[in-house]
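Here's the structure we're looking at; comments come further down.
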Amino acid sequence: ILTRMLEVAGVDKTTNVIEIGPGIGALTERLAREAKQVLAFEIDGRLLPVLDETLAPYDNVTVVHSDILDVDLEQVIGEHFDINEPLLVVANLPYYITTPIIMNLLESKLPIDGFAMMMQKEVAQRMTAEPNSKAYGSLTIAIQYFCEASIGFIVPKTVFNPAPNVDSAILVLKRRENPLVEVKDEAKFFALVKNSFVQRRKTLWNNLAKAYVGNSHTKESLAAALEAAGIDPSRRAETLTIEEFARLSDAL
Numbered sequence: 026i027l028t029r030m031l032e033v034a035g036v037d038k039t040t041n042v043i044e045i046g047p048g049i050g051a052l053t054e055r056l057a058r059e060a061k062q063v064l065a066f067e068i069d070g071r072l073l074p075v076l077d078e079t080l081a082p083y084d085n086v087t088v089v090h091s092d093i094l095d096v097d098l099e100q101v102i103g104e105h106f107d108i109n110e111p112l113l114v115v116a117n118l119p120y121y122i123t124t125p126i127i128m129n130l131l132e133s134k135l136p137i138d139g140f141a142m143m144m145q146k147e148v149a150q151r152m153t154a155e156p157n158s159k160a161y162g163s164l165t166i167a168i169q170y171f172c173e174a175s176i177g178f179i180v181p182k183t184v185f186n187p188a189p190n191v192d193s194a195i196l197v198l199k200r201r202e203n204p205l206v207e208v209k210d211e212a213k214f215f216a217l218v219k220n221s222f223v224q225r226r227k228t229l230w231n232n233l234a235k236a237y238v239g240n241s242h243t244k245e246s247l248a249a250a251l252e253a254a255g256i257d258p259s260r261r262a263e264t265l266t267i268e269e270f271a272r273l274s275d276a277l
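Basically our numbering = 1-based index in the sequence shown + 25.
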């Protein structure tokens with residue numbers, strides 16, 4: 026699994042890697058062999074002696090005892106890596122930790138070229154979903170705005186002992202040179218997307234009227250924005266493409 030994970034991530038001797046949550050170092054050791062430089066962030070101090078022992082033969086790995094979200098990453102990346110070289114983030118963490126970290130790193134505009142992460146299959150499917158599917162939602166749009174997202178392969182729960190309740194997947198994200206759509210105001214674009222999916226079964230009009238009418242808009246100005254964007258207010262959010270959300274965001 027680790028070999029395939031590094032293959033789909035595109036790790037080779039020209040690649041620098043940030044690993045989040047190395048644990049006892051199984052993946053870290055493989056990265057040390059395959060990558061140029063590895064910087065691993067481990068939050069659990071009890072694992073540091075184990076990592077020190079496992080990684081002792083390698084001079085291209087640095088373990089940082091810290092939460093990656095508490096670190097000045099721009100400074101750390103500048104100190105450890107040549108920013109002109111490819112930089113990937115690799116992680117094998119619970120999805121509820123992984124998702125905020127991915128979003129934080131994507132929004133930070135750091136020079137990260139891609140991600141390869143093992144996560145719950147359902148979450149990977151949400152990040153790679155298409156419009157008009159149950160999995161498609163605000164997380165899909167947030168990820169695909171910044172990245173090309175694909176599932177490298179599925180990891181069945183039976184390969185683990187003890188077996189977890191769900192299958193996992195290796196999610197591969199490749200950072201786009203520019204976001205998928207151009208919007209006037211990124212924060213307002215993401216707020217619109219979030220508001221549109223608040224109640225999935227409701228129409229776009231119901232969700233947006235609740236969020237905007239009486240705050241920044243009247244019913245008339247909301248209706249005018251939808252019309253200007255060419256979007257039928259009786260549609261549901263899951264039917265809109267990212268391009269349609271961008272048009273509506275700019276119209277609002």
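For each residue, glycine too, the CB sits at the ideal point set by N, CA and C.
One thing to note: G139 has its Cβ no nearer than 9 Å to the Cβ of R55.
Between I195 and V88 the beta-carbon gap is near 23 Å, outside 8 Å, which marks them as no contact.
Our two residues, A65 and E173, have alpha carbons roughly 24 Å apart in a direct line.
In this structure, L72 places its C-beta atom within 9 Å of the C-beta atom of G48. The three-state secondary structure of N157, taken from DSSP, is coil.
Annotated as distal: L94 and P119, with beta-carbon spacing of 9 Å or more.
Under the criterion of beta carbons closer than 8 Å, M152 and L164 qualify as touching, at roughly 6 Å.
Just measuring C-alpha positions, the residue of P111, A149, E110 sitting nearest I127 is A149. DSSP places G70 within a helical segment (H, G or I) once states are collapsed to three.
The beta carbon of V184 sits closer than 8 Å to those of I26, all from its chain and outside the five residues before and after it, given in chain order.
Bounds of the beta strand (DSSP E) holding Q145 are 139-145.
Cβ-Cβ separation between E44 and A116: approximately 7 Å, consistent with a contact (criterion under 8 Å). A distance below 7 Å between beta-carbons, with the five flanking residues on each side excluded, links G70 to the following residues of its chain, in chain order: H90.
Per DSSP, the beta bridge partners of N41 are Q62, L112. Annotated three-state conformation of R55 is helix, per DSSP.
Inside the segment 199-238, DSSP marks whole alpha helix (DSSP H) runs of 4 or more residues at positions 211-221, 229-237, from first to last along the chain. Apart from the 5 residues on each side of it in sequence, V208 sits with its Cβ closer than 8 Å to the Cβ of F214, A271, S274, D275 in its chain, given in chain order. Put simply, of T53, N203, V223 the residue whose alpha carbon is nearest the alpha carbon of T28 is T53. Taking a C-beta distance under 9 Å as the contact criterion, Q62 and F106 qualify as a contact pair. Apart from the 5 residues on each side of it in sequence, N129 sits with its Cβ closer than 7 Å to the Cβ of L94 in its chain, given in chain order.
For E263 and P181, the gap between their C-alpha atoms comes out near 28 Å. The residues P258, in chain order, have a CB closer than 6 Å to that of W230 in the same chain once the five nearest residues on each side in sequence are set aside. Contact check for S175 against V197 passes: the beta carbons are separated by less than 9 Å. Burial check for E67: the Cβ neighbour count within 10 Å reaches 16 or more, so the residue is buried.
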